[in-house]
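A quick write-up on the structure given underneath.
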Amino acid sequence: MAALAAPLLAALVAAAPASAAMLTRGPYLQLLTTHSVTVAWNTDVASACSLTIRALDGPAATIAGDTGTVCAIAVDGLVPGGRYAYVPNADGVPLATESVFHADDPSAPVTMLVFGDSGVPGPSQTAVRDRMLATPADVILHTGDMIYPDGAAVDFDPAFFAPYADLIRQLVLWPCLGNHDFAAAAGQPWRDAFHTPANNPAGSENYYSFDVGNAHIVVLNSNERTVPGSLQYTFLDHDLASTSARWKLVFFHHTIYSSGTTHGSNLVIRANLVPLFDAHAVDMVLMGHEHNYERTLPLRANQVVAPGAGTVYVTTGGGGKNLYPFGPLSHFTAHAESVHHFVRIAVDGDSLTEEMIDVDGTVGDSTTLVKGPGSTTSTTTTSSTTTTTIAGSTTTSTTVPPPAAACDPGTCDDGNPCTLDTCAPGEGCRHDPVDLAALRASVESGFTVGACVGQPVPALVTALLRQAHGQVERAARATNPVRARRLLGRALQRLRGSGRRASVAARRGRISASCAAGLGAQIRTAEDRGACLEPSP
């Protein structure tokens, strides 16, 4: 860091005049390394941005930035593992009390807090957040869907920056794009809010890599192409090949190994990326999308293998949004539980311990990977319980389910819109009744139709979908069946209106025919499921 020769921060604060500017976001930490960090914040009125920073045992210095309402100041010259205090300023006036952080240290143990699918304010989000605040850690990683329902800029503060303010001012945040975050202008509000290294040949902010402790982390955007030869695939291949870090972890949103019935496994991404994970001996892959927790046994080439011979896949999507149920557990499942939670990963030399922690502070699952001297692979020991919550009931299992019966989801479709058709391991086709979680998922999928990515979907179409989503959420909380019926009826009206507006937009050339068709199909699915759930008068 530049010589810290300014007056002590306490004296600076005492002498500073009052400022008209007030914080509206942050401060929050980004891009932390062994020697640098970026501190970002927003204010309500334009002002001259500056940052006062000091080593805990040294004097303070002030770094000037630009003038505006959006501030981001990069600090260089940190000492690995050093502890620092900082204050953001507007026109030279402190905006907050001191926050403290420490620089990364490759030689020291590191603890990561990982969560996903959190982006809706409410008691569940708050409960997970409070438990995270009570858990000592060094960095935070998110597995995506930070902002529901569609990643709109207006929702970032109430859904993320306000509830997590006390975490992200002291722990660096590494974000990941979920499908809902990507829905608004292909993630532009997300890119406006967060700073990522963009250290890939395409210069994309959507995917990147970084080191923390003795671990190398790759964050992907699973909303974009991952096929062999694509920019993201090529980046991942070269990045994993070039790192010498002891531990290799990969993060992205769409889960590729899931026993959940709402989204399940994304087989396309699995087919594209698993060969790379196997080839480069990735230790752990963390994902979201399914609103539950699931950890696999070690896998290689989609098969369960001995500890140390494969990759462990963890789905952590219980950060606050409504939970999703499981069907029968898959042959690859080590532990599964539909519970609000976060994951704690502790890396210390040759060991990596992963824990699932629920809102009560209970460690519901734990596994430890250990590397031998000179090894690039790991062995696994597990101290998890065998209790698994499935669709609201609790069962205990000490055996792995049998291999899947001879079926696939396509052949299981019974033509009934009121059933969820799945291929269940060991059973064959299942046809479970549609529930509110399935209806929510259908409405939310209307925000993320693949054929519409990059197109300016008319605001009224999106607004009607948002209103339908809100009515479904209220219906789920309603205790009076008459009120629930009315709310579902209103949701169906909004869905029909959204479908009509999409058709009009296509006729007028505002969106492509394929986008309109995709929207129409998704909206019709949601309508059909809503009609199945709407109580009879």
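In the working numbering, the protein residues as written are 1315 to 1851. Where is the CB? At the ideal position from N, CA and C, for every residue including glycine. Given the structure is predicted, the values throughout are model-derived calculations rather than measurements.
Practice task
Confirm, please, whether the CB-CB distance from Ile1461 to His1494 is below 8 Å.
Solution key: Cβ distance < 8 Å, so His1494 and Ile1461 count as in contact.
Handout entry: 8 Å CB neighbourhood of Ala1827 in its chain, flanking five on each side removed
Key = Excluding positions up to five away in sequence, the list reads Ala1820.
Exercise for the section: Please determine if the stretch 1669–1680 and the stretch 1464–1472 are in contact, where contact requires at least 3 C-beta pairs separated by less than 8 Å. Expected result: Cβ pair count under 8 Å is below three, so no.
Handout entry: Inter-residue Cα distance where the pair is Arg1822 and Arg1808
Key = CA-to-CA, the gap between Arg1822 and Arg1808 works out to about 21 Å.
Handout entry: Start-to-end residues for the alpha helix (DSSP H) that takes in Cys1846
Key = Counted as a single uninterrupted DSSP element, the alpha helix (DSSP H) harbouring Cys1846 occupies residues 1827–1847.
Handout entry: Three CB pairs or more closer than 8 Å across the stretch 1341–1355 and the stretch 1484–1501
Key = Taking 8 Å as the limit for Cβ pairs, the verdict is that the stretch 1484–1501 does touch the stretch 1341–1355.
Problem - Assigned exposure category for Gly1632 - 16 Cβ within 10 Å defines buried - result: Residue environment for Gly1632: buried (at least 16 other C-beta atoms within 10 angstroms of its C-beta).
Practice task
Compute the Euclidean distance between the alpha carbons of Trp1492 and Leu1370, then round it to the nearest angstrom.
Solution key: The residue you asked about is not Trp; residue 1492 is Gly in the sequence shown. Cα to Cα, Gly1492 sits roughly 37 Å from Leu1370.
Practice task
Kindly give me the distance between the Cβ atoms of Ala1559 and Asn1528, rounded to whole angstroms, as I take these residues to be in contact under 8 Å.
Solution key: Correct: roughly 6 Å between the Cβ atoms.
Problem - Option in Thr1681, Thr1647, Glu1758 with minimal Cα separation from Asp1597 - result: Selected option, being the one with the closest Cα: Thr1681.
Problem - Beta-bridge pairing of Gly1602 - partner residues as DSSP gives them - result: Paired residue(s): His1568.
Practice task
Determine, using beta-carbon pairs with one atom in the stretch 1386–1396 and one in the stretch 1429–1440, whether at least three such pairs fall under 8 Å.
Solution key: Verdict: no, contact absent.
Problem - Whole-angstrom distance between Thr1338 and Val1653, CA atom to CA atom - result: Distance between Val1653 and Thr1338, taken at the CA atoms: about 32 Å.
Exercise for the section: Between the Cα of Leu1545 and those of Leu1563, Ala1335, Ser1518, spot the shortest distance and give me the residue it belongs to. Expected result: Of Leu1563, Ala1335, Ser1518, the smallest CA-CA separation from Leu1545 is found for Ser1518.
Exercise for the section: Count the other C-beta atoms from every protein chain shown that fall within 10 angstroms of the C-beta of Asn1537, then say buried if there are 16 or more, exposed otherwise. Expected result: Buried, by the Cβ-count rule.
Problem - Where the alpha helix (DSSP H) through His1456 begins and ends - result: No alpha helix (DSSP H) contains His1456, which is instead part of the beta strand (DSSP E) from 1453–1456.
Handout entry: Touch test, the stretch 1835–1845 against the stretch 1789–1809, Cβ-Cβ under 8 Å, three pairs minimum
Key = Under the Cβ criterion (8 Å, minimum of three pairs), the stretch 1835–1845 counts as touching the stretch 1789–1809.
Handout entry: Under 8 Å between C-beta atoms of His1603 and Thr1625
Key = No, the Cβ-Cβ distance between His1603 and Thr1625 is not below 8 Å.
Exercise for the section: Could you tell me if Thr1699 is buried or exposed, where buried requires 16 or more neighbouring beta carbons within 10 angstroms of its beta carbon? Expected result: Reliability of the predicted coordinates at Thr1699 is poor, the pLDDT of 42 falling under 50, and the value obtained from them is presented with this limitation in mind. By the neighbour-count rule (16 or more Cβ atoms within 10 Å), Thr1699 is not buried but exposed.
Practice task
Would you list, in sequence order, the uninterrupted alpha helix (DSSP H) runs of no fewer than 4 residues that lie entirely inside the stretch 1395–1463?
Solution key: The stretch 1395–1463 contains these whole alpha helix (DSSP H) runs: 1437–1447.
Exercise for the section: Determine the DSSP secondary structure at His1745, reduced to helix, strand or coil. Expected result: DSSP places His1745 in strand when its eight states are reduced to three.
Practice task
Taking only the alpha-carbon atoms, compute the straight-line gap between Val1628 and Phe1475 and give it to the nearest angstrom.
Solution key: In a straight line, the C-alpha of Val1628 is about 25 Å away from that of Phe1475.
Handout entry: Member of Ala1512, Ala1473, Val1533 whose CA lies at the smallest distance from the CA of Arg1443
Key = Considering only alpha carbons, the answer is Ala1473.
Exercise for the section: Take the Cβ of Val1582 as the centre, count every other Cβ of all protein chains shown within 10 Å, and call the residue buried at 16 or more, exposed below. Expected result: Exposed: under 16 other Cβ atoms inside 10 Å.
Exercise for the section: Grab the span of the beta strand (DSSP E) containing Arg1658 for me, first residue to last. Expected result: That run of the beta strand (DSSP E) goes 1655–1662.
Problem - Whole alpha helix (DSSP H) elements within the stretch 1366–1391, 4-residue minimum - result: The stretch 1366–1391 contains no whole alpha helix (DSSP H) run of 4 or more residues.
Practice task
Going by DSSP, name the residue or residues bridged to Trp1504.
Solution key: Note: Trp1504 is not bridge-paired with any residue in the DSSP secondary-structure output.
Practice task
Identify, in the order they occur along the chain, each residue of the same chain with its Cβ nearer than 6 Å to the Cβ of Thr1510, setting aside the five sequence neighbours on each side.
Solution key: The residues are Glu1519, Tyr1522.
Handout entry: Neighbour-count burial assignment, Gly1754, 16 or more Cβ in a 10 Å radius
Key = The sequence as given places Arg at residue 1754; Gly does not occur at that position. By the neighbour-count rule (16 or more Cβ atoms within 10 Å), Arg1754 is buried.
Handout entry: Cα-Cα separation between Ile1671 and Phe1656, rounded to whole angstroms
Key = Counting only the Cα atoms, Phe1656 lies some 6 Å from Ile1671.
Practice task
For Gly1813, count neighbouring Cβ atoms within 10 angstroms of its own Cβ and tell me buried if that reaches 16, exposed if not.
Solution key: Classification for Gly1813: buried.
Problem - Cut-off 7 Å between Cβ atoms - residues of its own chain near Ala1334, not counting five sequence neighbours on either side - result: Cβ contact annotation for Ala1334 (same chain, cutoff 7 Å, sequence separation greater than five): Val1359, in chain order.
Problem - Candidates His1456, Ile1482, Ser1556, Ala1422: closest to Thr1352 by CA position - result: Considering only His1456, Ile1482, Ser1556, Ala1422, the residue with the shortest C-alpha distance to Thr1352 is Ile1482.
Handout entry: DSSP state of Phe1549 mapped onto helix, strand, coil
Key = DSSP, read as helix, strand or coil, puts Phe1549 in helix.
Exercise for the section: Identify every residue that forms a DSSP beta bridge with Gln1863. Expected result: In the structure displayed, the chain extends from 1315 to 1851; residue 1863 sits before or after that span and is not available.
Practice task
Provide the residue span of the beta strand (DSSP E) that contains Thr1629, from first to last.
Solution key: Its beta strand (DSSP E) spans residues 1626–1630.
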